[in-house]
Structure formats: C-alpha cells, structure tokens
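Heads up: the structure comes next, in structure tokens.
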Ligand SMILES: [Zn+2]
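This is the structure we're talking about:
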C-alpha cells in the first residue's frame, strides 16, 4: 500500500547524469512526477562525452546538481560505470561504497538504491549491495507488467520509454482498479530522446499519466522499499 491508501504507484529511473537530464527534470517537475537518477560520482564532468548518431552525449559537471535534482532520488550507478561482474570483489566494493559515500556527501542524503552499470551483476555484486544496505538494484530486463517484485536486488522496470508498448501500458495502468498494489516503473537514458528525436513520447506520457487521484507518484525507493 502506498501513501493515502493508494494501490497504484508510478516511478522512473534514469541513468548516467547526462546533460539531457535537465530537460527531463523540467518535464517531471511540470507534471509533479518523481524519478530516481543513477549517478557515477567519479564521472561527473563534461570531459566525458561521446557522439551517438550525431548527437553529443555529455555527462554533467558536479556543480549545481544538488539543486537540479532537488525533489528526486539519487542512487548509485558505480563510481566509474564498469561492468561490475567482471571485477574482483575488492574493486566491486570500491566502486559501490565510494559512489554511495560520494553521493551521500554531495547530495546530503541517505542513498538507498542502485542501478547496475550496463544492467549486469552477479552474486558477489549483490552481496556488496547487502553489505552497504542498498535495498534495491535495477537491471535492464523489463517485465511488461505492474506486478510487485520480490527480488529487489535484481529489480526489473515495467518497460523502457522506447518500448513499443509504452503508451499501451500507460493506458492499461490508468484503467486498472487493482485489489493489490501495482507499480508502473520506467527506465531509460535522457539522451535517448535527443538521439531518437522523440521528446514528444515522454511529454505525451507525462501529460497523460500525471495528476491522477488514485496514483502515487514516487521515487524508486519510495515505491519499492
Ligand atoms: Zn549507465
């Protein structure tokens, strides 16, 4: 059950701390939606940039991020975005503990969640999350449904925003009159809206699904933990 006895919750998870987060946050804030942003504290610099289909994808500098992400959740994404399962356990620990510590310091908050870089993990990575009291770890596979998940350390979103069923799922979720709690969770990277030139997809979605009395709009930790 979510606040005010609501049985439906909506949440977003966006990775990497890229410049396009600024536009996405403006949109979420306009519609009173809440999201979790998964950041690599060792890579918060414009010097990390690359090109996808002619679009410049650039990580943000650390300055001003606390104000930018105000009202949303910050979560771990690894200090330097490695494939964690390929590392020895001490390096895994370093990647997760250091990121958590840096983000807690930078955002002056308790960090409670994680999205795995590249969406991958193994039992050693999961063990390090447990040691660090990180309550959920998001992978990139999706469920295409709104069911409550029991394995929060391999948490799947309902869909990616580029999923062909994105709006169909939104319509289903809005119509739903559940007898038990249901969660609609979406994940992605904000730069994908520039790369695919499809900001209207998320704008239309936010306008459609926001400000409904029977939906709780929360961050990943508010919804899943
Ligand atoms: Zn990432």
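Residue numbers (this note's numbering): -14 to 210. For each residue, glycine too, the CB sits at the ideal point set by N, CA and C.
Between the CA atoms of residue j and residue i - distance to the nearest angstrom
i, j, result
"residue 92", "residue 16", "23 Å"
"residue 53", "residue 84", "19 Å"
"residue 48", "residue 162", "43 Å"
"residue -13", "residue 37", "39 Å"
"residue 153", "residue 75", "44 Å"
"residue 181", "residue 4", "16 Å"
"residue 21", "residue 50", "13 Å"
"residue 94", "residue 156", "35 Å"
"residue 34", "residue 26", "15 Å"
"residue 77", "residue 210", "23 Å"
"residue 195", "residue 188", "11 Å"
"residue 101", "residue 110", "9 Å"
"residue 97", "residue 149", "31 Å"
"residue 2", "residue 62", "10 Å"
Simplified DSSP assignment, three categories, for residue i
i, result
"residue 181", "coil"
"residue 83", "helix"
"residue 170", "strand"
"residue 206", "helix"
"residue 89", "helix"
"residue 30", "coil"
"residue 124", "strand"
"residue 105", "coil"
"residue 78", "helix"
"residue 149", "coil"
"residue 16", "coil"
"residue 201", "strand"
"residue -8", "coil"
"residue -1", "strand"
"residue 191", "helix"
Under 8 Å between C-beta atoms of residue i and residue j
i, j, result
"residue 30", "residue 8", "no"
"residue 24", "residue 88", "yes"
"residue -9", "residue 199", "yes"
"residue 106", "residue 69", "yes"
"residue 65", "residue 28", "yes"
"residue 168", "residue 113", "no"
"residue 158", "residue 190", "no"
"residue -7", "residue 193", "no"
Candidates the options, of which the one nearest residue i by Cα
i, options, result
"residue 205", "191, 130, 129 and 122", "122"
"residue 103", "179, 175, 67 and 86", "67"
"residue 12", "186, 197 and 207", "186"
"residue 39", "127, 46 and 177", "177"
"residue 144", "174, 165, 166 and 192", "174"
"residue 116", "151, 125 and 79", "79"
"residue 120", "146, 172 and 135", "135"
- Does the region 50 to 66 touch the region -4 to 14, meaning 3 or more C-beta pairs lie closer than 8 Å? Yes: at least three Cβ pairs fall under 8 Å.
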